[in-house]
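Report on the structure given below.
Structural data, given as structure tokens:
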């Protein structure tokens, strides 16, 4: 009984506080690699920033389209809402680009298709970076 | 802004490179492990790319 209580206490003590990881994750979302920079992992921050930025820029140069959330059948909902979340995960890159008026329509052609995928992939790479920043912030990773 | 035209191979190669860098960097701890895992991912991407390309070519006749 006492052991169980002790284990429970240990578990609660090990639980990371929101203030420990939220700033890193939020900054990491807004500015790719920013979370790592905040956690003093400057080299990793620079490489992640460059990777997300280049992926995003190549997507724009290939005239990829941004997804806007649409609902309908399950497939449409998953593709369009998932794509929108993927775009949104790029943080400031996505917000700045849309605010500056980039509105490429979805047209046929393999280059446009790759561009659209690159734009979503940039966001997904940033999600990986945010998860990494979270793990560093809670001390699970060095 | 100029429009960039890439072939399927070039675009896939770039995609593989970006994902491999991110995967290596975020999943491993030491610099050496990160490099090795990034290269491993890139190799897997390329092998899949070439394999699927041949499969499609052979499938189309």
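Chains as they are written, first to last, in this note's numbering: chain F, 1 to 142; chain G, 143 to 203.
Positions of the beta carbon are idealized from the N, C-alpha and C atoms, including for glycine.
- For residue 146/G, the closest alpha carbon among the candidates 89/F, 122/F, 117/F, 112/F is that of 112/F.
- Linking residue 76/F to residue 70/F through their CA atoms gives a straight-line distance of about 7 Å.
- Per DSSP, reduced to three states, the secondary structure at residue 87/F is helical.
- Boundaries cannot be given for residue 138/F, as no alpha helix (DSSP H) includes it and DSSP labels it neither H nor E.
- As the crow flies, the alpha-carbon of residue 44/F is around 28 Å from that of residue 151/G.
- Nearest to residue 86/F by alpha-carbon distance, out of 62/F, 127/F, 114/F, is 127/F.
- Burial state of residue 124/F is buried, judged by a 10 Å Cβ sphere holding 16 or more other Cβ atoms.
- Using a CB distance cut-off of 9 Å, residue 202/G does not count as an interface residue toward chain F.
- For residue 25/F, same chain residues with a beta-carbon under 8 Å away, outside a window of 5 residues either side, are 35, 130, 133, 134, 137 in chain order.
- Excluding residues up to 5 positions away in sequence, 45 lie with their Cβ nearer than 7 Å to the Cβ of residue 37/F in the same chain.
- Sequence-distant partners of residue 52/F (beyond 5 residues in either direction) whose C-beta falls short of 6 Å from its own C-beta, in its chain, are 32, 122, 125, 126.
- Spanning the alpha carbons of residue 175/G and residue 189/G requires a straight line of approximately 21 Å.
- DSSP places residue 175/G inside the alpha helix (DSSP H), whose first and last residues are 173–202.
- Contact check between the segment 157–168 of chain G and the segment 177–184 of chain G: three or more CB pairs, one atom from each, fall below 8 Å, which counts as touching.
- With respect to residue 114/F, residue 82/F sits apart: the two C-beta atoms are not nearer than 9 Å.
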